[in-house]
Structure formats: structure tokens, C-alpha cells
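Residue numbers (my numbering), protein chains in the order written: chain A, 1 to 390; chain B, 1 to 401. Even for Gly, the Cβ is constructed at its ideal location relative to N, Cα and C.
In C-alpha cells:
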């Protein structure tokens with residue numbers, strides 16, 4: 001009887017011709033997670049991955065649960081395709097379920113068998129019966145409850161052997177990183193943008209994070225805050241880099257030469273220009289933001305259209321329709337909420353005028369930025385970007 | 001990331017070039033303190049409670065440090081109790097007094113105290129104590145008569161800080177203490193938070209009639225994690241920390257020997273040349289005020305100009321600018337200061353102390369504290385003035401009209 005980790009990946013197996021590419025991306029990510037486990041061996045089967053030689057590593061389980069594309073991870077037992085061995089494994093699985101769940105004497109279970117090896121002599125209902133009777137007669141005090149069991153003993157009979165498991169950790173689902181191309185995420189340090197990044201990564205986008213830093217208006221601590229948020233997000237994509245653009249010069253130029261009420265709009269347009277240039281360099285296909293409809297004055301459809309005007313690439317807003325409460329809940333789950341609530345100011349809080357325009361008109365905004373040496377400022381900003389890789 | 005590539009040598013060179021004017025947040029340990037601390041760490045590492053000779057050595061070092069601290073305030077060594085720092089000393093003085101009284105009574109303090117006093121008084125208020133916070137004048141000074149007017153028969157404690165940590169105003173603790181003495185044997189206890197004045201200005205607990213006085217090591221070139229509470233002989237204070245009975249059973253826990261020995265050594269260093277250092281700082285303070293006023297005539301000085309202010313603290317507002325932005329612009333020029341009190345500056349809230357002076361929120365948001373130490377030089381002051389001029393120029397586009 002071998003102990004291993006069983007990984008389920010759902011949606012990828014439906015993706016037809018791209019399947020190999022998607023599986024390749026997933027395998028690469030998992031190998032990266034496994035780099036600290038030199039003994040581990042990865043085995044691929046249809047719709048399943050197995051990791052050998054890492055028994056009972058709870059930390060590894062939770063790290064795998066953060067790999068986009070993985071639907072669930074389960075510690076499992078593998079035996080030969082032999083009924084008596086399967087019965088033994090089922091009893092062992094029941095014992096583990098009892099210890100890990102800390103279940104009391106009243107615990108119940110149910111057997112669920114799947115047979116992808118059609119040559120196996122027992123059909124699924126018969127195998128369920130075998131598993132059930134083995135566990136019931138093992139003296140563990142368990143009873144069967146098919147409707148609301150304390151745990152389920154799952155048995156999968158496959159060509160390479162039979163896999164028995166009793167619990168599983170839910171993964172984040174979605175698609176493997178890179179399977180949807182590359183994007184830039186504007187990462188501010190607020191609550192929203194890390195959540196937008198998470199959602200884009202969940203759908204397989206390989207992200208490059210771009211942060212605009214306004215020293216001396218804000219300090220090292222506000223940069224460190226973004227670095228800490230980025231490190232949390234790297235659990236979902238270990239290759240994600242953080243690009244820090246020094247933005248003060250652009251903001252100062254805006255404050256000197258643009259009418260106050262257009263400041264924020266022009267600033268966002270400048271951010272898009274910088275993001276676009278970075279995207280060209282990195283071959284990214286879209287710009288992601290944490291923007292949300294109507295949340296603040298600048299996030300109206302009119303504003304978004306005027307800001308997008310300078311992006312040259314699709315600007316995608318995963319949180320567009322989210323309520324604040326929904327975003328906060330997700331941020332808490334991801335683990336960025338507390339970091340985002342650290343009180344260091346970001347550049348926007350200093351920069352925002354009393355009455356920003358909420359429904360800007362494109363021609364008036366273009367007029368407002370006519371004295372701004374746009375190309376020069378953008379080139380200098382992009383040239384000064386510092387990139388963190390670890 | 002940021003620091004990984006910086007070698008130790010580069011760091012040393014960098015720190016030699018710093019103009020460090022944030023000494024009311026913390027000071028750089030004195031080289032003699034570092035030597036004393038290292039000796040404790042490397043050789044005299046015994047536990048003062050141990051019976052062998054390493055323990056005996058540690059106990060002798062402990063006694064010696066206690067004498068040195070006591071000598072700074074004209075106390076008996078047996079009246080000095082080591083703590084983890086100023087916050088614990090303040091907490092102990094106030095919460096220990098509260099615990100000694102069994103039922104809720106009354107305490108008097110001021111509106112410009114340190115958060116370690118104010119937030120504890122808030123907590124006691126929630127527990128049912130009546131708290132009176134006496135206001136200050138436009139320079140941060142409390143009128144001793146206002147304190148006396150607030151005292152009732154129910155008053156268990158009067159707590160007044162010696163030197164205000166943000167603006168440097170000196171409270172007349174001697175006058176307050178002597179007036180309280182005049183109330184006779186049933187008078188309230190008198191606690192002085194002396195963290196910002198200790199060692200730099202003369203303190204005489206006997207002459208002032210002080211019952212409890214808080215001190216901290218790292219504000220006087222000692223190291224973090226050590227402080228002390230003076231408890232006048234005869235004052236019964238309930239302990240906050242229970243255990244092995246160290247510090248005469250009043251503050252249990254194995255003594256922080258490196259911190260305490262460093263504290264004693266820092267006291268020794270100060271006792272040698274205090275007056276000379278402080279008169280130097282008083283002239284630097286004048287120089288700084290003149291320089292900043294001429295670089296930026298709109299600058300507003302908080303606290304007294306010369307009389308009744310600690311020479312090492314100097315606090316300005318630069319209306320229209322944001323304090324934090326000035327701080328970072330100065331930092332880029334290797335000049336290190338703080339916005340108001342370092343403990344509250346992360347909150348991006350106007351400094352409550354500047355607000356207590358009756359100033360506007362704009363002033364309380366644009367305030368910068370320069371705080372000097374025995375290491376400060378005239379060149380530091382001139383570089384700071386120049387850096388302020390340059391920084392305000394750099395930030396001029398960001399100034400709110």
C-alpha cells in the first residue's frame with residue numbers, strides 16, 4: 001500500500017486541442033512547488049496527477065491548493081487492482097478519516113467507487129458493497145449514511161492501480177498560469193487590485209505587476225507594503241514579477257500644468273501609457289486593474305472610457321461588478337486584506353483634488369494635458385522601472 | 001530585495017553620513033554603551049539570581065546600574081525598579097496605583113500625555129474610573145493651578161509628563177509636586193513620565209515631591225527594551241508581572257542584563273557632561289529656528305521659543321505641505337526626522353498634541369519634529385536647514401494653497 005497525493009484538475013481536460021499545452025503549464029507550476037521536495041515524483045494520468053514520496057505533507061497540500069488549474073488535492077492510498085487489497089485500503093482510509101476528522105463514535109461513512117478500468121471484474125455498486133462491508137466489519141464503530149455521511153471513502157480503479165481516499169482539499173480551480181497569455185496588473189496596495197490580480201491568475205493569466213511609487217510623497221514603507229502583497233500573490237504564480245515605476249516626476253508635472261479637476265483623470269491616463277509601454281516590452285496582451293464601477297468618482301463609465309483611450313490594449317477589470325463587501329471577502333480569503341489595510345498612504349490620497357471631474361469628456365481632457373511632455377515623461381518613467389523577481 | 005545587496009561596509013559608510021534628528025524616537029547607542037552591553041553578552045552573561053560566581057557578578061552589575069540610574073534623579077538605589085521601558089513604567093505607575101485602590105476613584109492628567117498614558121487612562125475610564133485631563137496653553141504648558149483645581153478628595157493619582165515628547169515643553173513638575181505635598185498625608189500620588197527629560201535635564205524626586213517616575217534607556221543612547229520606574233520608599237504599588245520575585249518581588253522576570261547595564265552606562269556617560277551638552281543643544285536649537293524661519297518664513301514653531309522648553313526638541317509646522325512628504329524628501333537628503341510622535345505617525349492623523357495647542361488641522365498634518373542628541377553637531381543643523389529649504393522647493397508643486 002503506497003501513500004501519495006492525488007491531484008484533480010477539471011476544466012483543462014475539456015479543452016480539446018489545447019489540452020497538452022494546458023497540462024504542460026500545470027505540470028511546470030507543480031514542479032516548481034515541488035522543488036523543495038527533491039524526492040517527489042510526479043506521475044500524469046488522464047485527468048489526474050499523482051505525487052509520489054511526499055506522504056502526509058500538510059503544507060504541500062495547502063500550497064498545491066493555490067495552484068490555478070487544480071480542482072482538488074487528496075492524500076490517497078494506492079493498491080493493486082485486487083478486491084482484498086482494496087478492502088484493506090478502505091479500512092485504513094476509514095481509520096485515517098477518523099483520526100484526522102477527530103470524529104466521535106457516531107461517525108458515518110459512505111463508499112463511492114469509480115471504474116475507469118472497465119476490465120475490472122466488479123461493477124461500481126458491487127465494489128461499493130465490498131468497501132462498505134470491509135469497513136463495517138473492521139470494528140471501528142462506523143455506520144453507513146448515504147445521505148449525510150461524516151466522510152466519503154472514494155475508490156478509483158484505474159489502469160495503474162486503485163486509489164483510495166477519504167478527504168480532499170479544495171483547490172482554486174480555473175486554468176494553469178500562462179495558458180491564457182500574459183497581462184499587466186496595476187497593483188496599488190489597496191484592497192481591490194490584489195483581488196483583481198487573483199481573479200486574472202485564476203483564469204490562467206501570467207501577470208506582471210506594476211506599481212507606481214511616489215517617493216518622497218510616500219516612503220519606503222508604502223513600497224514595502226506592496227512588496228508584501230506581491231509576495232502573497234506569488235503563491236498563485238511563483239514567476240510573477242513586480243515592476244516599480246517612480247511616478248513622482250509625472251505627478252509633479254501634472255500638478256504644475258493641468259487643471260486641478262482633471263488631475264486624477266490625466267494621472268490615470270499617464271499610468272496607462274506607462275503600462276502600455278511596459279506591456280510592449282514584455283509582450284503582454286492586456287492591462288488588468290482593480291477598478292470597480294461607481295466605487296469612487298473616477299470609476300464611472302465616462303472616466304473609464306477616457307482613461308482607456310491611452311491604453312492601446314484591452315483594459316480588463318475583473319472586479320467591475322463586485323460590491324465592496326464581495327471584494328473584501330475575497331481579499332480576506334486570499335490573504336491580502338490585512339496587508340492592504342496597513343495605513344501607509346498611497347500616492348492617490350495626496351493627489352486627489354476636492355472636486356475631481358466625474359464625467360470627463362475626451363476632448364477636454366486631451367486639451368488639459370496639452371502642455372504635458374507626455375512621451376518624454378513616459379519614456380523616462382519606463383526607463384527607470386526597477387524590477388523585483390524574488 | 002532592497003537590503004540584500006548592501007554590504008556591511010557600505011552601511012557603515014552610510015550611517016556615518018546621516019544627519020539623525022529623530023532622537024526623541026530613539027537614539028543611537030553610545031559606543032561606551034555598546035561596549036558595556038557586549039561585555040555582558042560575551043562574558044558576564046550570568047543570571048543575577050544564580051548562586052554561583054557568574055550570578056554574583058551579574059548581581060553586582062545590576063546593583064551598579066541601579067545606583068547610576070538612582071543618582072540621576074536623587075533617589076535611593078532601592079527605589080529604582082527596572083522595567084522593559086518607558087511604556088511599561090508608565091503602565092505600571094498608573095495601573096499599579098489603580099489596582100492598589102480596590103474601587104474606582106479619580107485620576108488627573110493632561111491632554112498632551114504620551115499614548116502609553118492616555119490610552120491606559122481611556123481604558124481605566126471604561127472600567128469606571130473618573131479621569132480629568134487638564135488642558136494646556138498655546139505653548140503646551142499646563143498651569144499647576146489647573147491641576148490643583150482638578151484634584152478632589154477622590155483623586156488617587158496625578159500624572160504629568162516632564163518634557164512633552166513632540167514639542168519639548170517642560171511642565172513645572174516641581175511646582176505641581178510641592179503643591180500636592182501641601183495637601184497633607186491624604187494627598188494623591190504624583191507620577192511623572194520623565195522619559196523625554198530624564199538624564200538630559202536635572203530631576204530631583206525628593207525636592208519635587210515625586211512618588212513615581214518613568215524612565216527609558218533607548219532615549220539616552222542606551223538600547224531598546226530597558227527602562228525603570230522610580231517608586232518612592234513607602235509607596236505601595238501592585239505588581240503587573242508575577243513570577244520569580246525579581247526586583248524585590250514587584251517586577252518578576254529574569255532581568256534584561258544587557259539592557260540594564262547599557263542603561264547604567266548611558267547614565268554614567270550623561271552624568272559626566274550633561275550641562276555642557278545641553279547648553280550646546282540650546283544654541284543649536286536657536287540656530288535651527290533662525291535657519292528654518294529664514295528658509296521658510298511661513299514655518300510655525302510649536303512650543304516655547306527659549307524658556308521652559310527642552311533644548312533637544314524643536315517642532316515646526318509647514319502649512320500647506322504634508323508632514324510625511326517633507327519627511328521623505330529630507331530622508332532622500334540623509335536627514336532623518338519624524339512627523340509628530342513616531343508612535344502615531346503611521347495613522348496619517350493630525351498630531352493630537354499639535355491639535356491640543358489649539359492649532360488648525362492643516363498645521364497638525366504638516367508638522368515635523370527635529371530632535372537632537374549628544375551626538376548632534378553644528379554641521380548637522382546646517383545640513384538640516386539646507387535640506388529643509390531644498391525639500392520644500394522640491395515639493396512646492398504639491399503645496400495646498
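Worksheet item: Hey, out of 275(B), 167(B) and 388(B), whose CA is closest to residue 333(B)'s CA?
Response: 388(B)
Worksheet item: Hey, which unbroken runs of the alpha helix (DSSP H) at 4 residues or more fall wholly within the stretch 45-82 of chain B?
Response: 53-72
Item to complete: Give a yes or no on whether 7 Å exceeds the smallest Cβ distance from residue 372(A) to chain B.
Response: no
Discussion item. Alpha carbons only, please: which of 354(A), 367(A), 2(A) and 353(A) is nearest the one belonging to residue 163(A)?
Written reply: 2(A)
Item to complete: Check each candidate in 109(A), 331(A), 158(A) and 110(A) and name the one with the smallest Cα separation from residue 120(A).
Response: Comparing Cα-Cα distances from residue 120(A) to each of 109(A), 331(A), 158(A) and 110(A), the minimum goes to 158(A).
Worksheet entry | Residues that residue 255(A) contacts on chain B, provided the C-beta gap is smaller than 9 Å | 397 and 398
Discussion item. Rounding to the nearest angstrom, what Cα-Cα distance links residue 82(B) and residue 110(B) in this structure?
Written reply: 26 Å
Worksheet item: Are the beta-carbon atoms of residue 107(A) and residue 142(A) separated by less than 7 Å?
Response: yes
Fill in: Reduced DSSP category for residue 210(B) - H, G, I as helix; E, B as strand; rest coil
Reduced to three states, the DSSP call for residue 210(B) is coil.
Worksheet item: Can you list, in chain order, the residues of its chain whose CB lies under 7 Å from that of residue 299(A), leaving out five sequence neighbours each side?
Response: 291, 292 and 293
Discussion item. Along the stretch 200-218 of chain A, where does the CB come closer than 8 Å to a CB of chain B? Name the residues.
Written reply: 215, 216, 217 and 218
Practice prompt. Tell me the start and end of each unbroken alpha helix (DSSP H) in the stretch 283-366 of chain B that is at least 4 residues and wholly inside, in chain order.
Written response: 323-332, 352-356 and 361-365
Worksheet item: Using DSSP with H/G/I as helix, E/B as strand and the rest coil, what is residue 237(A)?
Response: coil
Worksheet item: With contact counted as at least three CB pairs below 8 Å, one residue from each stretch, are the stretch 157-173 of chain B and the stretch 42-62 of chain B in contact?
Response: no
Discussion item. Report the start-end ranges of each alpha helix (DSSP H) in the stretch 251-315 of chain A that is 4 residues or longer and not cut off at the edges.
Written reply: 263-282 and 301-308
Worksheet entry | Listed by chain order, chain B residues near residue 252(A) by CB distance under 8 Å | 397 and 398
Practice prompt. Could you check if residue 256(B) is buried or exposed, using at least 16 other CB atoms within 10 Å of its CB as the buried criterion?
Written response: buried
Worksheet item: If you pair each beta-carbon of the stretch 230-250 of chain B with each one of the stretch 107-121 of chain B, do three or more pairs fall below 8 Å?
Response: Taking a contact to require three or more Cβ pairs closer than 8 Å, the stretch 230-250 of chain B and the stretch 107-121 of chain B do not qualify as touching.
Worksheet entry | Inside the stretch 143-231 of chain A only - alpha helix (DSSP H) runs reaching at least 4 residues | 192-202
Practice prompt. State the DSSP-derived secondary structure class of residue 372(B), mapped to helix, strand or coil.
Written response: coil
Worksheet item: Does the beta carbon of residue 295(B) sit closer than 7 Å to a beta carbon anywhere in chain A?
Response: Chain A has no Cβ within less than 7 Å of the Cβ of residue 295(B).
Worksheet item: Would residue 95(B) count as contacting chain A if we go by Cβ distances under 7 Å?
Response: no
Discussion item. Determine, for residue 315(B), whether the minimum Cβ-Cβ distance to residues of chain A falls below 7 Å.
Written reply: no
Worksheet item: What is the DSSP secondary structure of residue 250(B), counted as helix, strand or coil?
Response: coil
Worksheet item: What residue does the beta strand (DSSP E) around residue 4(A) start on, and which one ends it?
Response: 2-8
Worksheet entry | Chain-ordered neighbours of residue 402(B) on chain A, where CB pairs are closer than 7 Å | Look at the range of chain B in this structure, 1 to 401, and you will see that residue 402(B) is not part of it.
Discussion item. With a threshold of 8 Å, are at least 3 pairs of Cβ atoms found where one atom belongs to the stretch 126-138 of chain B and the other to the stretch 182-190 of chain B?
Written reply: no
Discussion item. For residue 34(A), list the residues DSSP reports as bridge partners.
Written reply: Residue 34(A) pairs with nothing; no bridge assigned.
Worksheet entry | Spatial neighbours of residue 216(B) in its chain, beta-carbon cut-off 6 Å, leaving aside the 5 residues before and after | Excluding sequence neighbours, residue 216(B) sits near 85, 86, 195 and 227.
Worksheet item: So does the stretch 321-330 of chain B actually touch the stretch 351-368 of chain B, counting three or more Cβ pairs closer than 8 Å?
Response: yes
Worksheet entry | Short CB-CB distance (under 7 Å) between residue 332(B) and chain A | yes
Discussion item. Applying the 10 Å Cβ sphere with the 16-neighbour rule, what's the burial state of residue 58(A)?
Written reply: Around the beta carbon of residue 58(A), fewer than 16 other beta carbons lie within 10 angstroms, which makes this residue exposed.
Discussion item. Let's see if you can read the secondary structure: which residues bound the alpha helix (DSSP H) around residue 357(A)?
Written reply: Premise fails: residue 357(A) is in no alpha helix (DSSP H) and is neither H nor E.
Fill in: Environment of residue 51(B) [buried if 16+ CB atoms lie within 10 Å]
Exposed, because fewer than 16 other Cβ atoms sit within 10 Å of the Cβ of residue 51(B).
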